[in-house]
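Peer 1: Chains as they are written, first to last, in my numbering: chain A, -6 to 391; chain B, 309 to 534. Ideal Cβ placement from N, Cα and C applies to all residues, glycine included.
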Amino acid sequence: MFREFTLFTLALRNLRRKPFRTGVLIIAIGLLVASILFVLSFVRRVDSSIKTASDRLGADLLIVPTGSRGAAEDVLLENKVKTFFMDKSIVDRVKNIEGISDVTYQTYLVTIVGSCCDVPETLVIAFNQDTDFVIKPWLSKELGRRLNKGEAIVGHESAFNIKIGLTEVDSVLFGNMFKMVGVLDKTGTGLDTAIFIDEENIEDIMKKGKSDLKPGQISAIFARVEKGYDPYLVAGEVEDTIVETDTMSRRDIGKDLINTLRDFSRIFSMTVMLASILSVFLVWTVFSAIANERSREVGIMRAIGAKESHIVKIYFLEVLVIGSIGGIVGIISGTTFSFFAAKSFMILKDLSSDLTVLERSSISVVSFLSGTGICMVGALLPINRIKKMEPLLAIKEE
Amino acid sequence: MSQIEIADISKTYAIGDISINAVDNVSLKIDKGDFVSIVGHSGSGKTTLLSIIGGIIGPTSGSVVYDGMDICSLNDDKLSEYRSEKIGFMFQFASLLPILTVKENVILPGLFSKKGLGDNIKKAEQYLDMVGIGDKADAYPSQLSGGQQRRVAIARALINNPEVILADEPTGDLDEETEAEIMDLFKRLNREKRVTFIFITHNLDLARQAQRQVQMKNGLLNEVLL
């Protein structure tokens, strides 16, 4: 039985004649694709994490105690567990500033397993359900009603952390029994790792004395700006008027983190660019060597009727096979690396936003095409050189 | 009209500052069914002349007209079609692709032909039987002797039913018995299918078996009257 015999057969046989060299090329392209995939995922996560966090907070301004700007950003953008407090009377002072339309506030508490609570270290956010516009959109979607006293609802990630994953579980928080009545949908912000309670519970919590919170203290104020006012200018007004606060407008939230992460993105991107150039040279070198080695064979094929296009097809099929296998290897290893890196590297672990299946698929496709494209570019010159040789000269080249 | 009309062709190679006239103002007419031998010393321009006729190298000047078509003016695609459909090549060296089996080497020209592989597989088996190595169809060239490889090249040259066979020392490293068998095969194809044969040889006895004999010397051609 004679199997199908095509130009693809020739390309595959050519690749099999030097398996080590083919393997090295595949690994090189695989590494390149893995790097591209990792960097694209990182850049995308950074962008979407910052954007979703600031957009989904639903507030134009974030007002925190002086010196707590970084801590607030850590909480809201990086899933970190931190507390900071200021006097609740500031809420009314913020309300009185021109251009402010709505104001709400939150109080942050940290659970410590064993001493106060039966859940691992988690941020507990007490919020005012009457004024809230930050949590409520998510709460009404999940629960469809107000949270009652003694009830808590957990963020999407916290549900896994405290291993409930289900509702109707009781937990002790700061010496008080809370019924977990639901899990919030993923917000893509630091709120995903928190537990939410109504501020009515604060009094009971303080009575038990298991928290460092003092009466009349809150952590952060969220404000909306009236239409026609520039949030940036209003933020400046708040800071000038209430000196014991730091105020961030929506576009400033996470500015330092954004800059740091963008620097990382740039470094990664430049590294990938250099790796791409290196890969082009590697492929060019290997295919130049291949072209020299096989010049006689190419001459023979041309002499027995092969057109320039046949020679180009054979070589491009080889490049395509290397690029495709390398691309698949790269996508698998890049995805695996991204997965483990996300768990192991602090900077990735802290990014609250994950990628959607569509984003992951798009990044995989782009990485795959980039790897194969780079392979093609590297092989272009040697292939062009050999296809242009007169058959007799190609035969005598060896 | 002759099948092949070579008019005033020259081929000059430049090696550094030096120009070498491998073929110098050669003219020759070959009719369909001719059986032509080319003799001459090494470096006399025999292989260059054969390569120009076969379209695997272009002349510096002059023309080669095949059945009224000037092959020197063809683009790459048309020239490749000419090589694929009209010409069967046999080189003076081992010219098989090492990555392919004997049978695959024989059907390879079909892969580049407009007609495709067609019934080439069956034909390949017949030709391999005809040249006496039917049992080696699945072997690789490295498993064959020089003589066996030469026979595979003959089968490959015949596979597309060419009108002209160009053979550069086709029996160069074969024993006398095999040499005679191959010459008989050429003569039979020439007689039965009117395939034109142009072959280069150093063996004057073989050259004399041809219907016409031409001699190359320093790039110049002389027809020997038999």
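(1) Let me see if you follow: with CB-CB separation under 8 Å, is Phe269/B close to chain A or not?
(2) Between which residues of its own chain and Ile392/A is the CB-CB distance below 8 Å, once the five residues before and five after are set aside?
(3) Just verifying my parser: in three-state terms, what is the DSSP assignment at Gly23/A?
(4) If you follow the alpha helix (DSSP H) that Thr486/B is in, where does it begin and where does it stop?
(5) Check whether chain B comes within 8 Å of Pro384/A, counting only Cβ atoms and requiring the distance to be less than that.
(6) In angstroms, rounded to a whole number, what distance separates the CA positions of Ser345/B and Leu313/A?
(7) Measuring straight from C-alpha to C-alpha, what distance separates Gly363/B and Cys380/B?
(8) So, Arg14/A versus Val279/A, is the Cβ gap smaller than 8 Å?
(9) Looking only at DSSP bridge pairs, what is Arg520/B linked to?
(10) What in chain A is Cβ-close to Ile415/B, meaning under 8 Å?
(11) Under the DSSP definition of a beta bridge, which residues are partnered with Glu144/A?
(12) Tell me Gly396/B's beta-bridge partners as DSSP assigns them.
(13) When the Cα of Leu3/A is compared with those of Phe401/B, Glu412/B, Thr355/B, which residue comes out closest?
(14) Quick check on DSSP: helix, strand or coil for Met294/A?
(15) Excluding sequence positions up to five away, which residues of its chain have a Cβ less than 6 Å from the Cβ of Leu25/A?
(16) Less than 8 Å between CB atoms is the rule here; does Ile297/A satisfy it with respect to chain B?
(17) Taking just the CA atoms, how far does Arg10/A sit from Leu159/A?
(18) Look at the alpha carbon of Leu528/B and the alpha carbon of Ser318/B, and state the distance between them as a whole number of angstroms.
(19) Between Glu237/A and Ser94/A, is the Cβ-Cβ spacing less than 8 Å?
(20) Drop a sphere of 10 angstroms on the beta-carbon of Leu351/A, count the other beta-carbons inside from all chains shown, and report buried for 16 or more, exposed for fewer.
(21) From which residue to which residue does the alpha helix (DSSP H) around Gly319/A run?
(22) In the DSSP assignment, find the alpha helix (DSSP H) that holds Val87/A and state where it starts and stops.
(23) Name, in chain order, the residues that DSSP records as bridge partners for Gln99/A.
(24) Looking at the structure shown, is Thr504/B part of a helix, part of a strand, or coil, going by DSSP?
(25) Mapping the DSSP letters down to three states, classify Ile313/B as helix, strand or coil.
(26) State buried or exposed for Glu(-3)/A, treating a residue as buried only when at least 16 other CB atoms are found within 10 Å of its CB.
(27) Can you tell me whether DSSP reads Pro113/A as helix, strand or coil?
(28) Relative to the C-alpha of Ile462/B, which residue among Val414/B, Gly424/B, Asp483/B is closest?
(29) Residues of chain B with CB under 7 Å from Arg10/A, in chain order?
(30) Between Leu425/B and chain A, is the shortest Cβ-Cβ distance under 8 Å, so that the two count as touching?
(31) For Ile118/A versus Phe215/A, is the C-beta distance shorter than 8 Å?
(32) What is the DSSP secondary structure of Val127/A, reduced to helix, strand or coil?
(33) Please go through the same chain and pick out, in chain order, the residues whose beta-carbon is closer than 8 Å to the beta-carbon of Gly418/B, but skip the five residues on each side of it.
(34) Which residues in chain A have a C-beta closer than 7 Å to the C-beta of Glu412/B? List them in chain order.
(35) Taking 8 Å as the threshold (beta carbon to beta carbon), is Phe505/B in contact with chain A?
(36) Do the stretch 203 to 211 of chain A and the stretch 75 to 83 of chain A make contact, defined as three or more Cβ pairs closer than 8 Å?
Peer 2: For this structure:
(1) This structure does not reach residue 269/B, given that chain B is present from 309 up to 534, and the question cannot be answered.
(2) Residue 392/A cannot be examined here, being either before or after the span of chain A that is shown, -6 to 391.
(3) On the first sequence, position 30 is the one that residue 23/A refers to. If DSSP states are grouped into helix, strand and coil, Gly23/A belongs with the helices.
(4) Taking the first residue of the second sequence as 1, we reach residue 486/B at position 178. Note, Thr486/B: alpha helix (DSSP H), 484 to 501.
(5) Taking the first residue of the first sequence as position 1, residue 384/A is located at position 391. So yes, Pro384/A belongs to the interface.
(6) As a first step, residue 345/B must be located in the second sequence, where it is residue number 37. As a first step, residue 313/A must be located in the first sequence, where it is residue number 320. If I take the Cα positions, the gap works out to 46 Å.
(7) The residue given as residue 363/B occupies position 55 in the second sequence. The residue given as residue 380/B occupies position 72 in the second sequence. Per the coordinates, the alpha-carbon of Gly363/B lies some 8 Å from the alpha-carbon of Cys380/B.
(8) Residue mapping note: residue 14/A aligns to position 21 of the first sequence, counting from 1. Residue mapping note: residue 279/A aligns to position 286 of the first sequence, counting from 1. The Cβ atoms of Arg14/A and Val279/A sit closer than 8 Å to each other.
(9) Counted from its first residue, the second sequence places residue 520/B at position 212. Bridge partners of Arg520/B: Val344/B.
(10) For the purposes of this step, residue 415/B is identified with residue 107 of the second sequence, where counting begins at 1. The answer, in chain order, is Phe(-2).
(11) Mapped onto the first sequence, residue 144/A falls at position 151. DSSP, once it has assigned bridges, lists Lys172/A as partnering Glu144/A.
(12) Residue 396/B sits at position 88 when you count from the first residue of the second sequence. According to DSSP, residue pairing for Gly396/B in a beta bridge involves Ile473/B.
(13) Taking the first residue of the first sequence as position 1, residue 3/A is located at position 10. Comparing Cα positions, the closest option is Glu412/B.
(14) Counted from its first residue, the first sequence places residue 294/A at position 301. Per DSSP, reduced to three states, the secondary structure at Met294/A is helical.
(15) In the first sequence, counting from the first residue as 1, residue 25/A sits at position 32. Only Ala268, Ser272, Gly364 meet the Cβ criterion.
(16) As a working note, residue 297/A is residue 304 in the first sequence. Under the 8 Å criterion on CB atoms, Ile297/A is classed as interfacial with respect to chain B.
(17) For this step, residue 159/A is matched to residue 166 along the first sequence. For this step, residue 10/A is matched to residue 17 along the first sequence. Model confidence at Leu159/A stands at a pLDDT of 48, short of 50, so the residue's coordinates are unreliable and nothing is read from them.
(18) The count along the second sequence starts at 1 and reaches residue 528/B at position 220. The count along the second sequence starts at 1 and reaches residue 318/B at position 10. In this structure, the alpha-carbon of Leu528/B lies about 9 Å from that of Ser318/B.
(19) Position 244 of the first sequence, counted from the first residue, corresponds to residue 237/A. Position 101 of the first sequence, counted from the first residue, corresponds to residue 94/A. Their beta carbons are not under 8 Å apart, which means Glu237/A does not touch Ser94/A by this criterion.
(20) Translated into the one-based positions of the first sequence, residue 351/A becomes position 358. Leu351/A is classed as exposed because its beta carbon has fewer than 16 other beta carbons within 10 Å across all chains shown.
(21) Counting from one through the first sequence, the residue named residue 319/A turns up at place 326. Taken as a continuous stretch (DSSP letters only), the alpha helix (DSSP H) holding Gly319/A covers 301 to 337.
(22) Along the first sequence, one-based indexing puts residue 87/A at 94. 83 to 88 is the extent of the alpha helix (DSSP H) around Val87/A.
(23) Within the first sequence, numbered from 1, the residue matching residue 99/A stands at position 106. According to DSSP, Gln99/A bridges with Phe120/A, Ala213/A.
(24) Here residue 504/B is taken as the residue at index 196 of the second sequence, counted from 1. Thr504/B carries a strand assignment under DSSP once its states are collapsed to helix, strand and coil.
(25) Taking the first residue of the second sequence as position 1, residue 313/B is located at position 5. It is Glu, not Ile, that sits at residue 313/B in the sequence shown. Note: Glu313/B maps to strand in three-state DSSP.
(26) The count along the first sequence starts at 1 and reaches residue -3/A at position 4. The residue in question, Glu(-3)/A, is exposed, as its Cβ has fewer than 16 Cβ neighbours within 10 Å.
(27) For the purposes of this step, residue 113/A is identified with residue 120 of the first sequence, where counting begins at 1. Judged by DSSP in its simplified three-state form, Pro113/A adopts coil rather than helix or strand.
(28) By 1-based counting over the second sequence, the position of residue 462/B is 154. It is Val414/B whose Cα lies nearest to the Cα of Ile462/B.
(29) Sequence index remark: in the first sequence, residue 10/A carries index 17 (1-based). Correct list: Ile407.
(30) The count along the second sequence starts at 1 and reaches residue 425/B at position 117. Taking Cβ atoms only, chain A reaches closer than 8 Å to Leu425/B, which makes this a yes.
(31) Taking the first residue of the first sequence as position 1, residue 118/A is located at position 125. Taking the first residue of the first sequence as position 1, residue 215/A is located at position 222. Going by C-beta atoms, Ile118/A is not nearer than 8 Å to Phe215/A.
(32) Walking along the first sequence from the start, residue 127/A turns up at place 134. Looking at Val127/A - three-state DSSP - the assignment turns out to be coil, as it is neither helix nor strand.
(33) Within the second sequence, the letter at position 110 stands for residue 418/B. Excluding sequence neighbours, Gly418/B sits near Gly424, Leu425, Gly426, Asn428, Ile467, Asn468.
(34) Indexing the second sequence from 1 puts residue 412/B at position 104. The answer, in chain order, is Phe(-2).
(35) Residue mapping note: residue 505/B aligns to position 197 of the second sequence, counting from 1. Chain A contact via Cβ: absent.
(36) Touching, yes.
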